[in-house]
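Chains D and P, in that order, are what the protein sequence lines are. The first sequence maps to residues 1 to 223 in UniProt numbering. The second sequence maps to residues 1 to 223 in UniProt numbering. Even for Gly, the Cβ is constructed at its ideal location relative to N, Cα and C. The model shown is predicted, which means the values in this text are computed figures rather than measured ones.
2 protein chains.
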Amino acid sequence: MPKLVANDIATALKKRISSGEWIENGRMPPERDLASEFGVARNTVRRAVSFLEDDGTVVRHVGRGTFLTTTNPASMAAVVGRMEGTSPADMMEIRQLLEPAAAAFAATNASAMELNAVREAHKIASESQDMPTFEHWDAEFHHRIFACSRNDFLKEIHNLMRILRNQAPWFEMKKRSFSEERRSIYCSEHQTVLDALLRRDPESASQAMLAHLRTVERNLLGR
Amino acid sequence: MPKLVANDIATALKKRISSGEWIENGRMPPERDLASEFGVARNTVRRAVSFLEDDGTVVRHVGRGTFLTTTNPASMAAVVGRMEGTSPADMMEIRQLLEPAAAAFAATNASAMELNAVREAHKIASESQDMPTFEHWDAEFHHRIFACSRNDFLKEIHNLMRILRNQAPWFEMKKRSFSEERRSIYCSEHQTVLDALLRRDPESASQAMLAHLRTVERNLLGR
DNA sequence: CCTCCCTGAACCAATATTGAGCCAATTATT
DNA sequence: AATAATTGGCTCAATATTGGTTCAGGGAGG
């Protein structure tokens, strides 16, 4: 019997969620309970749950609990399934189309509080010492920009991309392409984007984001 | 009973992989476990697994484990569900971002045959006498342009949009917005796009498509 | 004898889990 | 209103797991 690791727990949780386990009140059991149920440490459960959080499957609130974001599944499963087979290169191309626009929308529409959230994600990513932390807050930075774009469809497309990026080929590529030097380049590019957002300058935000994505693409696809 | 060598183990492993043995979380058991299970030395298992690695069937990470490259995806039901709830206005905004790009890609990448298919869709739509026929070939016109964009991810996003457009709020809006005059406007705009494609002019194709989508948006959302 | 492959063992390096503790936000209880 | 209990956020050192590597043998077949 294989040893349980965080990833196993994450998939177990997903399975139970999609089988409607905790749908009744949309709330997952406390981490401590799950830990004892699975027979692992809470830290491990926490890691598993943060995978779900990265997916957008779940949101967490200190003192309240962890809640499902699940609404009803649909018949678009097939389309989405095919999306899993598309190449990272194709997706990066589209990302360069959408994300600068998201940044521009954000510069125009975001509230001060939302921008603060973006800034915070950037700050934590900049100060992070290890790769998983950086990656989490890097993703969060981008996510929060989409979040204040005020376009629900765009946000959901980004959620899709986020899920796809957490899967097979991407995982490998990210691992391969990471280095301390690149991390600091990403951070300074994020800073440029953030500055443009804070100046409420859609054009600069869009350009800065595009420049950043080009860097990412170069590193990821090795060109 | 012949003695087991690395090659035998490699084929045994492949058989078990393709029978979906470890697909659930995409992870193979540790080498040490496999060794004791097959009753061979770890070194032998290691050689067997490196065959799979050379195949690309598997990737290995020190400290993490050995993972299948054909992993089973998570459930994206949540994203899809929320997507159904997004507004036509939001989607039209994104369509104006993606579809001009698709047209530009098509102008650059499409084969002559593919362009012929686009032309044909336009021709049938132009000559159609009734609303359902026009609508079908109108959609087909757009679809075929995406189809020759040579970007699979983009194509799938368009499929998503197509599905969404055939649902709740859209249906009403299209009915409301239809008129003979608008139909002929659409046709002439399609013609402009098609001409640009045939001239292999990405810039014009993109602009023409954008202009068309703005017309559609105006009619649909009544502005 | 030589070659090839497996064996068994030890050690290394990267990564993950553990367990314990404390904090902060929220909710429940008194 | 004050207090307690619950719950997620976070840290850290210790330990365990896991692939990477090397090396000295052993046995089978040419």
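Residues bridged to residue i [DSSP beta-bridge criterion]
i        : result
Met28/D  : Thr66/D
Arg16/P  : In the DSSP output, where bridge partners are listed per residue, Arg16/P has none listed.
Val118/P : Answer by DSSP bridge pairing: none, since Val118/P is not bridged.
Val59/P  : Phe67/P
Under 8 Å between C-beta atoms of residue i and residue j
i        : j        : result
Thr57/D  : Thr69/D  : yes
Leu97/D  : Leu197/D : no
Ala147/D : Arg162/D : no
Ala110/D : Ser206/D : no
Glu31/D  : Arg42/D  : yes
Leu221/P : Glu99/P  : no
His105/D : Met91/P  : Note on identity: in this sequence residue 105/D is Phe, with His being the wrong assignment. Against a cut-off of 8 Å, the Cβ pair of Met91/P and Phe105/D comes out as no contact.
Glu84/D  : Leu160/D : no
Asp201/D : Ala107/D : yes
Ala89/D  : Ala48/D  : no
Glu156/P : Arg82/D  : yes
Chain-order list of residues whose beta-carbon lies under 8 Å from that of residue i (same chain, five-residue window excluded)
i        : result
Ser75/D  : Residue placement at Ser75/D is flagged as unreliable, the pLDDT there being 39, under the threshold of 50; a coordinate-derived value is accordingly withheld.
Val59/D  : Glu53, Thr66, Phe67, Thr69
Leu4/P   : Phe38, Gly39, Val40, Thr44
Trp22/P  : Arg16, Met28, Pro29, Leu68
His142/P : Glu99, His158
Ala35/D  : Ala41, Arg42, Thr44, Val45
Per-residue burial, residue i [other beta carbons within 10 Å of its own, 16 or more giving buried]
i        : result
Ala112/D : exposed
Asn7/P   : exposed
Arg95/D  : buried
Asn72/D  : With a pLDDT of 35 at Asn72/D, under the threshold of 50, the predicted position of this residue should be treated as unreliable, and no value is reported.
Arg64/P  : exposed
Pro132/P : exposed
His190/P : buried
His158/P : buried
Val62/D  : exposed
Asn25/D  : exposed
Glu93/P  : buried
Glu180/P : exposed
Glu203/P : exposed
Thr86/P  : buried
Ser19/P  : exposed
Contact set for residue i: own chain, Cβ-Cβ below 7 Å, skip 5 residues either direction
i        : result
Ala117/D : Arg144
Ser126/D : Cys187
Ser128/P : Phe134, Trp137
Arg150/D : Phe105, Asn109
Leu194/P : Val118, Arg119, His122
Leu210/P : Gln96, Pro100
Ile124/P : Trp137
Ile185/P : Thr215
Arg199/P : none
Asp55/P  : none
Beta-carbon contacts of residue i that lie in its chain and below 6 Å, excluding the five residues immediately before and after
i        : result
Arg182/P : Asn219
Ala208/D : Thr192, Val193, Ala196
Only counting runs of 4 or more residues, tell me where the alpha helix (DSSP H) segments fall wholly within the region 171-212 of chain P, in order along the chain.
As far as the region 171-212 of chain P is concerned, its whole alpha helix (DSSP H) runs of at least 4 residues are 180-198.
What residue ranges within the region 78-108 of chain D form continuous alpha helix (DSSP H) runs of no fewer than 4 residues, ordered along the chain?
none
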